[in-house]
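First to last, the sequence lines map onto chains A and B.
Our numbering puts the first residue of the first sequence at 1, with every later residue one more than the last.
Our numbering puts the first residue of the second sequence at 1001, with every later residue one more than the last.
Glycine included, every Cβ here is placed at the ideal spot set by N, Cα and C.
Reviewing the structure listed below.
2 protein chains.
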Amino acid sequence: MIETFELVAKATADPSRVRILKLLAAGELCVCQITTVLALAPATVSKHLAALKAAGLVQQRRDGRWAYYRLAERQLNPYAARFLAMVGDCLGDDPTIAEDRRLLALVRAVPLQVLCAQGRSALSPAATPTLRQDAPCPTE
Amino acid sequence: MIETFELVAKATADPSRVRILKLLAAGELCVCQITTVLALAPATVSKHLAALKAAGLVQQRRDGRWAYYRLAERQLNPYAARFLAMVGDCLGDDPTIAEDRRLLALVRAVPLQVLCAQGRSALSPAATPTLRQDAPCPTE
DNA sequence: GTGTCATTTCGCCAAACGGCGAAATGTGTT
DNA sequence: AACACATTTCGCCGTTTGGCGAAATGACAC
Chain A
1 MIETFELVAK
11 ATADPSRVRI
21 LKLLAAGELC
31 VCQITTVLAL
41 APATVSKHLA
51 ALKAAGLVQQ
61 RRDGRWAYYR
71 LAERQLNPYA
81 ARFLAMVGDC
91 LGDDPTIAED
101 RRLLALVRAV
111 PLQVLCAQGR
121 SALSPAATPT
131 LRQDAPCPTE
Chain B
1001 MIETFELVAK
1011 ATADPSRVRI
1021 LKLLAAGELC
1031 VCQITTVLAL
1041 APATVSKHLA
1051 ALKAAGLVQQ
1061 RRDGRWAYYR
1071 LAERQLNPYA
1081 ARFLAMVGDC
1091 LGDDPTIAED
1101 RRLLALVRAV
1111 PLQVLCAQGR
1121 SALSPAATPT
1131 LRQDAPCPTE
């Protein structure tokens, strides 16, 4: 059905959601890690992840208080794999994506408990622009 | 740039525009032919075609009063070819697309001058649901 | 049970969007 | 120049969407 195509096409047509998919390409992430890199409100990230999940592009698991998301492995939407492949093949040299990756490396280097307590200020001081602070998260 | 990706991604995330691209895959079409198949207002089709053109997915030529659109041959947007390929590979069995193709064959069988004068009523009577009538167009 | 924490849902807001009719534009005919 | 025709642009309208803060929910610790 064209509506199925539309669902996943619309999910990948938003820049924030594309950035999330590119981050997840490096492996499973906790919501707060995505929140820190994208510098968006947790509510916003949660809404975006819900849209990606509904489109069959990502899967979720819970571990206590924490929610982890990863790129979909199972075929949940007939077009999901095609769109994921295309997103994966594109934007390899995009500056926004490159900056996100740089921040993600920093984020992964910080124990999540510290990251969640301090948000971006937990990262190397010279590494981050002045942006919103967020809530804590546990050790990975 | 991610904005370039976004432009073409958004252009292909609308069902009407996907239907237009699938119609154009069969060859160049005049605006009124697309209008007749999609049963949309000419203004709406024109707006959609403008978005596809801005995204580098289609090209236009004029012939007197008439405007023809075709899928882009030149690389006008770094992601256009990828998206066109994907749209081309998908929805092969979609009922909406199949119906559009059926109507297109009928539309192509009618001289454009007749088509433009009578709109859908120029098609075989048993072939079309009761829908809007549109303005005329010339012999192809 | 109470309080803390991470996430999700809800409601609001401004912006974007797809549809339409009307007006404007460009082309062709007389 | 006036008129007809095909298309495009404009403006309106209702709907959708991405952002946020606040409230709700679920998990954990005491």
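When secondary structure is reduced to three states using DSSP, Cys1030(B) falls in the strand class. Contact between Ala1122(B) and Leu1115(B) holds: their C-beta atoms lie close to 5 Å from each other, under 8 Å.
Three or more beta-carbon pairs separated by less than 8 Å link the stretch 80-95 of chain A to the stretch 1082-1091 of chain B, which places the two stretches in contact.
Sequence-ordered contacts of the stretch 1011-1039 of chain B with chain A read Thr1012, Ala1013, Pro1015, Val1018 [C-beta pairs closer than 7 Å]. In this structure Ala1098(B) does not touch Ala13(A) by the C-beta definition: roughly 25 Å separates them, more than the 8 Å allowed. If you draw a 10 Å sphere on the C-beta of Gln75(A), you find fewer than 16 other C-beta atoms in it, and that means exposed. Among the bridge pairs identified by DSSP, Arg1070(B) is matched with Gln1059(B).
Contact between the stretch 29-37 of chain A and the stretch 45-63 of chain A is established, with three or more Cβ pairs separated by less than 8 Å. Annotated as proximal: Ala1055(B) and Lys1010(B), with beta-carbon spacing under 9 Å. Distance from the CA of Arg1017(B) to the CA of Pro1095(B), rounded to the nearest whole angstrom, comes to 16 Å. Residues are counted here when their Cβ sits less than 7 Å from a Cβ of chain A; for the stretch 1077-1088 of chain B these are Tyr1079, Arg1082, Met1086, given in chain order. Close to Ala9(A), with beta-carbon spacing below 7 Å, are these residues of chain B in chain order: Thr1012, Ala1013. Against Glu1006(B), the close residues of chain A are Ala13, Pro15, in the order they occur along the chain (beta-carbon pairs closer than 7 Å). Annotated as distal: Val1008(B) and Leu1038(B), with beta-carbon spacing of 9 Å or more. Chain B places no beta carbon closer than 9 Å to that of Asp63(A), leaving this residue out of the contacts. Between Ala25(A) and Leu71(A), the beta carbon gap of about 7 Å places them in contact (Cβ cut-off 8 Å).
Boundaries of the alpha helix (DSSP H) around Gln113(A): 112-118.
Ranked by how close their Cα comes to the Cα of Met1(A), the residues Asn77(A), Ala41(A), Gly119(A) have Asn77(A) in first place. Proximity of Thr44(A) to chain B, defined by a Cβ-Cβ separation below 9 Å, is not satisfied. The Cβ-Cβ distance between Gln1059(B) and Ala1067(B) does not fall below 9 Å. For Ala1025(B), the secondary structure class from DSSP, reduced to helix, strand or coil, is coil.
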